[in-house]
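As structure tokens, the structure follows; a few thoughts come after it.
Protein chains in written order, with full-length UniProt numbering: chain E, 1 to 325; chain D, 1 to 404.
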């Protein structure tokens, strides 16, 4: 099986989707001939022509509004927002339009064909505006699906599933892992399920939950914890909306402990939603409070980025605190 | 207000009715175009402008090299656009507000931002006014009336309209100039800003650096119209297109735009035609989307050389002065860079200040937890631990004196 990095896996997924269905279009800023600033759309214009893969003017609200219209017409747009930090001019189109298209028309019209791709996350010396993890804003919006892959294999399978999903999907890509994460990826077409979490490691003492780039960080923390003799169960949530409560609850019923981690600030972060739902379902089984390891409640810093990040040492400390509570 | 003329046959207008000329004064060999007159510009001011353009070029070249050596995380050059940025700034009152996009370091150089100040921001050290929070080139200076840069494109344009409206109410005879690229002019914020400025008669100058590219996207894929300038008609706004590599033309156009803005509360759009000679940023490689030949053609229109020739022809500049200036600037860049690199990072406490006017109890708790974590693993957080050390030392000293 060939070894690919995450960008190559994403590129392959787009290639397969465009080859299979001529209704699939890829567009965004610098997406055309150049293939995107990260090169996720490399060679797609060559292969499928300028009508199906193209540069847009520099206007995010326009990109998503245009994509909403295309999707309503029956096309399958895969719109790229160059950085998740720059998605906010399109917030109105996403929150008030994309998310509510089907509901408000009684399903006369929908934009289910739409997929929005955007690189997110820190760890690349990007400061305030090239580091944010805005998933919680969108996870607060019924009608959207929010999907975040952790490695190349997941990226390809989840992106193909997102493009073919009957609902609009925001697909956040962990840009820190674009080239850093490599792994075996089947050449053929395959899909991974949306709305299903995955247990990536079984254990008995404590459940660790994350998504995207945090999964790698969790794995490092778990290595440290296992040396302490703590058995960790690790879950990749994969889809934040709608999220797989059952898999998480079943795990916590077994371990009695839960640590949730994300890069985004703590207050209003998605970990809070997980904690609330899981305490409702597992209250009498909990051995310790559900813990959150997150970014600080500040904008994303630059010089002190390392201090800000919810790294493996902070997660390791939270695991210990949870087990020794 | 709409016009009242009626027609009784459908007759469409295609926009070709608007043909916008380009204002030029200086040829590339440093002489004036036929029929052109140089603006009123004395020797000292002309040399100040030239000095700022050269200093910007030298700073950019050295700092891009430093980025390539791994000394700096990121950099963006103004190269090729010095005349547009410095020429416009020179035409303003030094107390006028400037809201830049991110490629306008020449404006700061002209207003006297020191190389030390540049370097402190670039290296995000304890003396950076922005406290090491933003990526390199996100400068700001309250004393030089230069709003701190924000990366999201176009957001500063309507803010400039608002700022200038406040200036108008304050009645201090000042205006705001906002810089942006032709790519950012596609953002919705651009349209909102121009419309509001025209409706509310705001003393603001919209200065578009049409440098041909938004990262890889050529302006031909950015708009179908004849550049950005014709949009002004849609808002009933004054507009001029100027050769952005001709510093005399930029200077004079901006000077007169300022008069319209400040004396008549008329917003103005200036479209400066120029070229981004360098990459978009240190993260970009233009060889993937444009030819060397195209770049060479623009290198021959170098705005600095053009002004230099004009100055030399007037005997306001000499080769010896050029050599001395280049050497002293290069030396100064290296010295200030070394100083800035050695300075410590901002203290840990700066992580939670300025989120609000006052630190909230929740943030204080988060910082306290972070500090105890860093005390446990100081080697994993060298920057954070560095600012904790004095605390530890002080406590030890106190213990020695029996005061704790």
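The beta-carbon is built from N, C-alpha and C at its ideal position, and this holds for glycine as well.
Values in this document were obtained by computation on a predicted structure and should not be read as measured data.
Spatial neighbours of residue 167 of chain D within its chain, please: CB distance less than 8 Å, with the 5 preceding and 5 following residues excluded, ordered by chain position. In its chain, beyond the 5 residues on either side, 97, 174, 175, 176, 203 have a beta carbon closer than 8 Å to the beta carbon of residue 167 of chain D.
Members of the stretch 301-312 of chain E that neighbour chain D once the beta carbon cut-off is set at 8 Å: The residues in question are 301, 302, 303, 304, 306, 307, 308, 311.
Taking the alpha helix (DSSP H) that residue 304 of chain D belongs to, which residues open and close that run? Element bounds for residue 304 of chain D: 303-313.
Do the stretch 20-39 of chain D and the stretch 307-324 of chain E touch if we need at least three Cβ pairs shorter than 8 Å? As far as the Cβ criterion goes, the stretch 20-39 of chain D does not touch the stretch 307-324 of chain E, which means the pair count is below three.
Rounded Cβ spacing between residue 386 of chain D and residue 345 of chain D (contact assumed at less than 8 Å): So it is a contact: roughly 7 Å between Cβ atoms.
Straight-line CA distance for residue 262 of chain E to residue 82 of chain D? Counting only the Cα atoms, residue 82 of chain D lies some 43 Å from residue 262 of chain E.
Is it the case that the Cβ atoms of residue 282 of chain E and residue 252 of chain E are separated by a distance below 8 Å? Against a cut-off of 8 Å, the Cβ pair of residue 252 of chain E and residue 282 of chain E comes out as a contact.
Compute the distance between the beta-carbons of residue 120 of chain E and residue 60 of chain E, then report whether it is under 8 Å. Here residue 120 of chain E is not near residue 60 of chain E, since their CB atoms are 8 Å or more apart.
Is residue 43 of chain D helix, strand or coil by DSSP? Here residue 43 of chain D sits in helix by DSSP.
Per DSSP, what are the beta-bridge partners of residue 272 of chain D in this structure? Paired residue(s): D:209, D:242.
With the cut-off set at 8 Å, would you say residue 178 of chain D and residue 207 of chain D are in Cβ contact? Yes, the pair counts as a contact, with Cβ atoms nearer than the cut-off.
Looking at the C-beta of residue 223 of chain D, does it have a partner C-beta in chain E at a distance below 8 Å? With 8 Å as the cut-off, residue 223 of chain D counts as an interface residue toward chain E.
What residues of chain E sit near residue 381 of chain D, judged by a beta carbon separation below 7 Å? Under the 7 Å cutoff, chain E gives 306, 307.
Kindly indicate if chain D contains any beta-carbon less than 8 Å away from that of residue 152 of chain E. No, no contact with chain D.
If we ignore side chains and look at the alpha-carbon of each, how far apart do residue 21 of chain E and residue 51 of chain E end up? Answer to the nearest angstrom: the Cα atoms are 14 Å apart.
Kindly list, in the order they appear in chain D, the residues whose Cβ is closer than 8 Å to that of residue 174 of chain E. Against residue 174 of chain E, chain D offers no close residue; the least beta-carbon distance is about 18 Å (beta-carbon pairs closer than 8 Å).
Quick check: the stretch 286-299 of chain E against the stretch 55-73 of chain D, are there 3 or more CB pairs under 8 Å? The count of Cβ pairs closer than 8 Å, one atom from the stretch 286-299 of chain E and one from the stretch 55-73 of chain D, stays below three, leaving the stretches out of contact.
May I ask you to report which of helix, strand or coil DSSP gives residue 78 of chain D? Secondary structure at residue 78 of chain D: coil, using DSSP grouped into helix, strand and coil.
Strictly under 8 Å for the Cβ-Cβ distance: is residue 339 of chain D near chain E by that measure? No, residue 339 of chain D does not count as interfacial toward chain E.
Would you mind telling me which residues of chain E sit closer than 8 Å to residue 362 of chain D, beta carbon to beta carbon, in chain order? Taking a Cβ-Cβ cut-off of 8 Å, the neighbours of residue 362 of chain D in chain E comprise 267, 297, given in sequence order.
Interface partners of residue 366 of chain D on chain E, CB under 9 Å: Chain E residues near residue 366 of chain D: 266, 296, 297, 298.
Span separating the alpha-carbon of residue 113 of chain D from that of residue 135 of chain D: When rounded, the distance between both Cα atoms is 18 Å.
Using a cut-off of 7 Å between C-beta atoms, extract the partners of residue 187 of chain D located in chain E. Neighbours of residue 187 of chain D in chain E, taken as residues at a C-beta separation under 7 Å, are given in chain order as 58, 59, 89.
Identify, in the order they occur along the chain, each residue of the same chain with its Cβ nearer than 8 Å to the Cβ of residue 62 of chain E, setting aside the five sequence neighbours on each side. Closer than 8 Å at the Cβ level, and outside the excluded window around residue 62 of chain E, lie 56.
By the 8 Å beta-carbon criterion, what residues does the stretch 288-299 of chain D contribute toward chain E? Those residues of the stretch 288-299 of chain D that come within reach of chain E (Cβ to Cβ, closer than 8 Å) are 288, 289.
Given a cut-off of 8 Å on the beta-carbon distance, is the pair residue 210 of chain D and residue 219 of chain D in contact? Cβ distance < 8 Å, so residue 210 of chain D and residue 219 of chain D count as in contact.
Residues of the stretch 100-130 of chain E whose Cβ lies closer than 8 Å to any Cβ of chain D, in chain order: 125, 126, 127, 128, 129, 130: these are the residues of the stretch 100-130 of chain E whose beta carbon lies less than 8 Å from some beta carbon of chain D, given in chain order.
Between the stretch 326-355 of chain D and chain E, which residues of the former have CB atoms less than 7 Å from a CB of the latter, in chain order? Hits within the stretch, in order: 345, 346, 348, 351, 352, 355.
Pull the bridge partners of residue 28 of chain E from the DSSP assignment, please. E:55, E:80, per the DSSP bridge assignment.
Hey, how far is the Cα of residue 149 of chain E from the Cα of residue 171 of chain E? Rounded to whole angstroms, residue 149 of chain E and residue 171 of chain E show a C-alpha spacing of 8 Å.
Under 9 Å between beta-carbons, which chain E residues line up against residue 152 of chain D? List them in chain order, please. The answer, in chain order, is 85, 86, 88, 89, 129.
In terms of alpha-carbon separation, which member of D:310, D:327, D:150 lies closest to residue 49 of chain D? The option with the nearest alpha carbon to residue 49 of chain D is D:310.
In the DSSP assignment, find the beta strand (DSSP E) that holds residue 250 of chain D and state where it starts and stops. No beta strand (DSSP E) contains residue 250 of chain D, which is instead part of the alpha helix (DSSP H) from 247-264.
Given a cut-off of 8 Å, decide if residue 348 of chain D and residue 307 of chain E are closer than it, judged by their beta-carbon atoms. Residue 348 of chain D sits close to residue 307 of chain E, with the two beta carbons spaced by under 8 Å.
For residue 151 of chain E, the three-state DSSP class (helix, strand or coil): Correct three-state label for residue 151 of chain E: coil.
Between which two residues does the alpha helix (DSSP H) holding residue 282 of chain E run? Residues 270-282.
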